[in-house]
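So the protein sequences, as listed, match chains S and E. So the mapping is simple: our numbering equals the position in the first sequence, first residue as 1, plus 865. So the mapping is simple: our numbering equals the position in the second sequence, first residue as 1, plus 865. Even glycine gets a Cβ: it sits at the ideal position worked out from N, Cα and C.
Number of protein chains: 2
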Amino acid sequence: MATQALRKYDAVNFTDVAITGAFWRERLDTVLKHTIPSQYEKLVEFDMIKSLEVRQPPPPLTIPKNNHNFTTQIFWDSDIGKWIEAASYALRHGPDKKIEQKIDEITELLAKAQRPDGYLNCWYIGREIDKRWSNLRDNHELYNAGHLLEGAIAYFQATGKRKLLDVMERYIDHIANTFGPGDVQKHGYPGHQEIEIALMKLYRLTGDKRRLDLCTYFINERGKQPHYYDAEAQARGDDPKKYWHKTYEYAQAHKPVREQTKVVGHAVRAFYMYTAMADLAAELGDKALKKACETLWRDAVQTKMYVTAGFGPSAFNEGFTTDYDLPNDTAYAETCATVAMIFWAQRMLNLDLDGQYADIMELGLFNGGLSGLSRDGTTYFYENKLESDGSHTRWAWHNCPCCTMNVSRLVASIGGYFYSVGDRTIAVHLYGGAQANIKLGASSVKLTETSNYPWDGKIKIKIDPDAESKFVLKLRIPAWSHGKTKAKVNGKAINTKTNMAKGYLEIDRKWNAGDVVTLDIPMPPRRIYANPAVKADVGKVALARGPLVYCIEQVDNAKTPVSNLFLPQKAKVTVEKKQKLLGGTVVLKASARTLSRKQWEGALYLDLPPVELPATLTAIPYYQWANRGKNPMRVWINEKQ
Amino acid sequence: MATQALRKYDAVNFTDVAITGAFWRERLDTVLKHTIPSQYEKLVEFDMIKSLEVRQPPPPLTIPKNNHNFTTQIFWDSDIGKWIEAASYALRHGPDKKIEQKIDEITELLAKAQRPDGYLNCWYIGREIDKRWSNLRDNHELYNAGHLLEGAIAYFQATGKRKLLDVMERYIDHIANTFGPGDVQKHGYPGHQEIEIALMKLYRLTGDKRRLDLCTYFINERGKQPHYYDAEAQARGDDPKKYWHKTYEYAQAHKPVREQTKVVGHAVRAFYMYTAMADLAAELGDKALKKACETLWRDAVQTKMYVTAGFGPSAFNEGFTTDYDLPNDTAYAETCATVAMIFWAQRMLNLDLDGQYADIMELGLFNGGLSGLSRDGTTYFYENKLESDGSHTRWAWHNCPCCTMNVSRLVASIGGYFYSVGDRTIAVHLYGGAQANIKLGASSVKLTETSNYPWDGKIKIKIDPDAESKFVLKLRIPAWSHGKTKAKVNGKAINTKTNMAKGYLEIDRKWNAGDVVTLDIPMPPRRIYANPAVKADVGKVALARGPLVYCIEQVDNAKTPVSNLFLPQKAKVTVEKKQKLLGGTVVLKASARTLSRKQWEGALYLDLPPVELPATLTAIPYYQWANRGKNPMRVWINEKQ
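What follows is the structure, encoded as structure tokens:
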């Protein structure tokens, strides 16, 4: 499996993992039953499927151009590709002729649209074919190709049907002819990274080294001087300086990737690129690339991450600003950015089984990622704010529906984030009820994990190798448990201090069918504080329990505005199970204080402090907010002593 | 003077008031010596004077059109008008042949540009004369006319030269012919209110009732249905719905002005309109208009005012959003809005001598207005934020330099805000060292006020009527003194409780030359709290002393970021005079707390609260900030118990 020194682990594919636990089963069923079908309806309703029918003269734009003379309709191929990917994952959970038929229809449209030379971008073919490959910086051709390719791979894997994959392989051949170091080739690379991830998948699927080479080229060429974006702008008669994002940091193309040490620009572009970099580093054994990934990771999680694993505070560039700039009410924290971070974390785990990566992966999954999807699975957040005055709410669709299908493809393949396998090692990253069949060298091991995680930290793992087998079972112990986790093997306690390595409990022994490991991860309510450099969170506290970050939503705190609630530093926070609330949840409660408005009748400012009153604070898991109408909400709660 | 029942007071003109106190003398001298001359240099440097030379073909735009296909160059006539007004006020302080020559030159350019029918808008004459009066909603023709008229009036009053006034009267005649109730007239009114204020001044100067009628027409026609902005959009072939500000609230044209009860839209438009409404209500004896003004005033100061008397939180509409929405770091709080509020407050005082108006007038003067001008008088704030990370700083000029000349015309006529006179009453609103010659009926009264206000609350007023005279002297007692002011007449204490009426101490007696009134307004440091409905200020406190609101600027608090400073609720705040700091100031100091960053090395979130350390907090008057380089600053300070 690991072909090079740096590739130490592989994720176990979601097709080898059955989700049995209540938490993920509910989200997965919702996505399979409601989200993916309703997304197809939206693709039809918004003429996105129709946009693949390349007609002359082209029909009017469905989404008008904006102030930057730009329409997001140009990205639609990618949304189609992402839906195919999610729908193909759904097919792995159970056959569905209707979905297959829809993907086959889309395949026919794409095959018909494809140019004889293999080129396949429906926007350019239908509207301005003479301009193709003239503006990689802004126009997302390679990004679209990447998502279509991921869709084609997933569909082939689900059904064995090759047609879409063949179409896409021809397109990739065309791209490989167009871009590269040759004199007649363009020395370009994507404006929006993504295809690099897809090329790695294609390489792993087919073993065709040209795919790896193309990915390597795109990664290595990026940010070199003289700058390709300058050259292509001049070639099309534009002034490179008239670039509305002003700097190439926006697309992480400001310097070669191995020299990049700070996380900058558009968050999704950044994290897709880092994902591909980590994948490539593992594949090529490229230590410099691995080191760049590690440096960028530290920068991301130590200076630029919301407590929910949201990323990118600014709507302006959909991305990063300065270190510690993490405003709550104006947070952008795009769902796609957290999903991309989860991809990146998973690739980092292939390089290095370090709990810091799995911790963030889990944080993103349960919080900033999952918050993007409503309880009923049909409405979405693009921006995952950490504070809202109630005006911010979920939408049914979006001009740029990238986030919708990023959530559905993530949840539809959630089992793929639970386990990794390496030389004589099985690693368990996530808990919540799952059954996995894992190939370990010549043998096969069945793992049956039973728990009510994330609501409860009591976990039981049954190990059933097909024959007695000596290997290391590595169990991730969340950093938030602060070393208080207890573990037993077949009822016998094991030392969770001495057997820890980088956040994983290592159990190296001969395993026999029926062996049982239990973990008891304590889940008291936690108070989280931000580094004082985060201005927005000074004097505030966030609540969490287990991997779930909590928030106070107005509907649960009817008597006082959530903005006026103060949680005393010593107040006891209690845990209450609520089976009927939000389809089953665990709330946190505390005696708190609020501010009286009595003396303020008609006054805006007084020389007297507001009078305090007792109040009760009720918090729910962040991912569950905004499912009960428009409501003010905040993650960071005022604290008092 | 007061021609109607509602017009009870008139402001004493600044030409009858000599500023002698240190505070305003310094600001006034700076404006006269540095600001007004440097502003003329900027008008030349940015080709604004040249824009009055109407040439064919028109020269290229100096300021390109923006995303809304709009250039602020279209407002330049107004900036010229405002500079003429400020420069003319300067001439009242002392002759200056150079300035006169410049205004005469501008007059020649304007006279030359004026069309035979009286029309005078240099943008339209030079670029699209066929489109004149086709878009009142967006294109500011009447606004420009208003400012040019105010300039012309001021120049006539300063020099007796009539030419510019004649030009402008011809233009006003043209406007009066163009707009009105007649069948062939347009039933329009300004998109940006301003000319209404100017017309009231012209009416008072010339007694020509047509000017009052035109102002009345503009005020009364506003917001009627069918809507003029719809009609004019249709007439020019535009869809009225394609209006980038979406609603006519933006220009307070959503309903007739007497029906308006909430302060909405663009802040400067709103306050210019309310100024004219109050003026007109006084002049016409229009009780409904007066009532509308009072309702709007309450809404403004009770729900939409920053503690600095800044107004308009949002950059998007340069104006208002929802009640209590007063964010500090993104505050727009345009200098012009506070200046406009000062104008409005002064007109309200003509209707009703109520200290609430003078209190806000003073608050704006010393804080949100004065902060717009740098210490050296040559750089400016357009936005007067209440919190900055240090990136926000003053600029030397602006594409839309409206604020620059609003500050200079305000400060150059500052004496005009000190006193009002009514039937047998002289009212003193402001203190700070001034000598006034006031006509009261047949007699004349010299008032000599000596104090070091706002640094000190000890005030001495010498009253010298030309002959023994019985009248009421009304002395404003600031609400922030909480009834603790002491007063004496010729050394004899008078009761400041029983003699108070609406915030003014009334002394009704026979006055003789040499009579002396003293006030002792205590000035302990004050802690100000915001209504808990103001989310941005929950858990925070502002400091003030006298009329000055304070802020903490990083340069005075070098040891800890101002965002990490906490002021304990019981901490004693002390007063320190600093003769050498910022040209002389009074700072406030307190023992405070800050957050240690020791344990946070490499950590963004921890389950432990930050450790507190002792710190010293130093605050300076808000208007003095941003005079020592780029610096983080905040008005609202974290408070702890």
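Please confirm if residue i has its CB atom under 8 angstroms from at least one CB of chain S.
{"i": "residue 1473 of chain E", "result": "yes"}
{"i": "residue 1250 of chain E", "result": "no"}
{"i": "residue 1296 of chain E", "result": "no"}
{"i": "residue 1428 of chain E", "result": "yes"}
{"i": "residue 1470 of chain E", "result": "yes"}
{"i": "residue 1394 of chain E", "result": "yes"}
{"i": "residue 1400 of chain E", "result": "yes"}
{"i": "residue 868 of chain E", "result": "Model confidence at residue 868 of chain E stands at a pLDDT of 48, short of 50, so the residue's coordinates are unreliable; what they give is reported in the following sentence. Not an interface residue."}
{"i": "residue 1391 of chain E", "result": "yes"}
{"i": "residue 1055 of chain E", "result": "no"}
With the cut-off set at 8 angstroms, would you say residue i and residue j are in Cβ contact?
{"i": "residue 1268 of chain S", "j": "residue 1245 of chain S", "result": "yes"}
{"i": "residue 901 of chain S", "j": "residue 1239 of chain S", "result": "no"}
{"i": "residue 1030 of chain E", "j": "residue 1010 of chain E", "result": "no"}
{"i": "residue 1488 of chain S", "j": "residue 1079 of chain S", "result": "no"}
{"i": "residue 1284 of chain E", "j": "residue 1292 of chain E", "result": "yes"}
{"i": "residue 1370 of chain S", "j": "residue 1340 of chain S", "result": "yes"}
{"i": "residue 1137 of chain S", "j": "residue 1062 of chain S", "result": "yes"}
Exposed or buried, what is residue i when buried is set at 16 or more other beta-carbons lying within 10 Å of its beta-carbon?
{"i": "residue 962 of chain E", "result": "exposed"}
{"i": "residue 1148 of chain E", "result": "buried"}
{"i": "residue 1064 of chain S", "result": "buried"}
{"i": "residue 1212 of chain S", "result": "buried"}
{"i": "residue 868 of chain E", "result": "At residue 868 of chain E, the pLDDT of 48 sits below 50, so the modelled position is not reliable and the matter cannot be decided from this model."}
{"i": "residue 874 of chain E", "result": "buried"}
Which residue wins for smallest C-alpha separation from residue i, given the options the options?
{"i": "residue 1444 of chain S", "options": "S/1476, S/1463, S/1485", "result": "S/1485"}
{"i": "residue 1438 of chain S", "options": "S/1424, S/1427, S/1410, S/1447", "result": "S/1410"}
{"i": "residue 1393 of chain S", "options": "E/1066, E/1462, E/1453, E/1470", "result": "E/1470"}
{"i": "residue 1435 of chain E", "options": "E/1472, E/1420, E/1428, E/1391", "result": "E/1391"}
{"i": "residue 1107 of chain E", "options": "E/1078, E/1002, E/950, E/1075", "result": "E/1002"}
{"i": "residue 966 of chain S", "options": "S/1024, S/1221, S/930", "result": "S/1024"}
{"i": "residue 1083 of chain S", "options": "S/1055, S/1094, S/1066", "result": "S/1055"}
{"i": "residue 1403 of chain E", "options": "E/1308, E/1501, E/972, E/1384", "result": "E/1501"}
{"i": "residue 880 of chain E", "options": "E/1381, E/1450, E/955, E/1504", "result": "E/955"}
{"i": "residue 1582 of chain S", "options": "S/1216, S/1215, S/1184", "result": "Past the edges of chain S, shown from 866 to 1506, lies residue 1582 of chain S, and the structure says nothing about it."}
{"i": "residue 1307 of chain S", "options": "S/1326, S/1334, S/886", "result": "S/1334"}
Are the C-beta of residue i and some C-beta of chain E separated by less than 8 angstroms?
{"i": "residue 1404 of chain S", "result": "yes"}
{"i": "residue 1172 of chain S", "result": "yes"}
{"i": "residue 1166 of chain S", "result": "yes"}
{"i": "residue 1506 of chain S", "result": "yes"}
{"i": "residue 1434 of chain S", "result": "yes"}
{"i": "residue 807 of chain S", "result": "Outside the modelled stretch of chain S, which goes from 866 to 1506, sits residue 807 of chain S, for which no answer is possible."}
{"i": "residue 980 of chain S", "result": "no"}
{"i": "residue 1341 of chain S", "result": "no"}
{"i": "residue 1460 of chain S", "result": "yes"}
{"i": "residue 929 of chain S", "result": "no"}
{"i": "residue 1503 of chain S", "result": "yes"}
{"i": "residue 1319 of chain S", "result": "no"}
{"i": "residue 1387 of chain S", "result": "no"}
At 9 angstroms on the CB atoms, spell out the chain B contacts of residue i, in chain order.
{"i": "residue 1467 of chain S", "result": "Absent from the structure: chain B. Protein chains present are S and E."}
Please find out if some non-hydrogen atom of the ligand ADP comes closer than 7 angstroms to the beta-carbon of residue i.
{"i": "residue 897 of chain E", "result": "Inclusion of the ligand ADP in the displayed structure is not the case, the ligand content being empty and no account of it being possible."}
Taking only runs that begin and end inside the region 1405-1471 of chain E, name each unbroken beta strand (DSSP E) of 3 or more residues, in chain order. 1405-1410, 1413-1418, 1431-1433, 1438-1443, 1450-1460, all fully within the region 1405-1471 of chain E.
Output the residue ranges of the beta strand (DSSP E) runs that lie fully inside the region 1188-1267 of chain E and measure 3 residues or longer, sorted by chain position. List check, beta strand (DSSP E) in window: nothing returned.
Please go through the region 1100-1154 of chain S and give each complete alpha helix (DSSP H) segment of 4 or more residues, from N-terminal end onward. Note on the region 1100-1154 of chain S: whole alpha helix (DSSP H) runs with a minimum of 4 residues are 1132-1149, in chain order.
Give, in chain order, every unbroken run of the alpha helix (DSSP H) that is at least 4 residues long and sits entirely within the region 984-1070 of chain S. Segments of the alpha helix (DSSP H) lying fully in the region 984-1070 of chain S: 987-992, 1001-1004, 1006-1024, 1028-1043.
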